[in-house]
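Worksheet: one structure, shown below.
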């Protein structure tokens, strides 16, 4: 029994994040004592198809700019957030976000905190943001900052500045870089390959799979070693769906992204960043 108060706002947040029903969200939060991440796992263990939003979806409105340095060896994603789409679609606000992203590139910025201290035309970015806030009457700020370094970095902006992607490659490959960036935008992988997934994420998925199977009446009486073997098969399916190189290539579903990259000069993906509004 939960010892914390489950509010309507808590329930709605979980519903928005997972797509589950209100009553299911209430029960999930109650069963997990208000722990949001545990509630998502609880829903999944009940067999629900949860569309849990990932950490790349933080700012609800804003402008996302993805850019690279002139030599394409460093990439930057900057998200300038605001409260309404009316502001985010305004040409002046887009230009404002663009100027901040340009400053990030020009000053080879390493973090959001550093970006706020960069000077543009005699004024710090943080002061420019405060001036803009006063002018438009909405809370704005540098909501997200990402950076990648690689022998070659490709950038991609999708959906009227609503998503930005960076992908690092082992060698210059402009067309392949754009294709892979578009793949990342469309399919939202969690890692380059299975070896890149944090161990705790794998263990979390394994626990969910095993608990779901044990709760299935059809699996009653099955030995633990059989359940573990089946669970590994399900984990492999998870890797195939959620890791970039194993995913079906969106431009040709008959091959994987890894196979496509071999045809593009056997270039390797060194890393990627995906930032989206939502």
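In this note's numbering, the protein residues as written are 136 to 413. Cβ coordinates follow ideal geometry from the N, Cα and C atoms, glycine included.
Asked                                                                                                                                         : Found
With distances taken Cα to Cα, identify the nearest neighbour of residue 379 among 403, 339 and 251.                                          : 403
I'd like to confirm the pairing. Which residues does DSSP put opposite residue 456 in its beta bridges?                                       : As displayed, the chain neither begins before 136 nor continues past 413, which places residue 456 out of reach and without an answer.
Let me check understanding here. Comparing Cα to Cα, which of 203, 302, 218 and 154 lies closest to residue 237?                              : 203
Using only CA atoms, which one of 153, 217 and 320 lies nearest to residue 175?                                                               : 153
Is residue 303 closer than 9 angstroms to residue 285 when the C-beta atoms are compared?                                                     : yes
Going by C-alpha to C-alpha distance, which of 272, 405 and 244 sits closest to residue 79?                                                   : Because the chain spans 136 through 413 in this model, residue 79 falls outside it and cannot be assessed.
Relative to the C-alpha of residue 298, which candidate in 249, 179 and 199 has its C-alpha closest?                                          : 199
Can you tell me whether residue 234 is helix, strand or coil according to DSSP?                                                               : helix
How close, in whole Å, do the beta carbons of residue 407 and residue 300 come, if the pair is a contact with beta carbons under 8 angstroms? : 7 angstroms
According to the Cβ coordinates, are residue 308 and residue 287 closer than 9 angstroms?                                                     : yes
Identify which residue in 338, 291 and 358 has its Cα closest to the Cα of residue 316.                                                       : 291
In terms of residue numbering, what span does the beta strand (DSSP E) encompassing residue 300 cover?                                        : 298 to 304
According to DSSP, is residue 332 part of a helix, a strand, or is it coil?                                                                   : coil
Relative to the C-alpha of residue 166, which candidate in 140, 247, 256 and 201 has its C-alpha closest?                                     : 140
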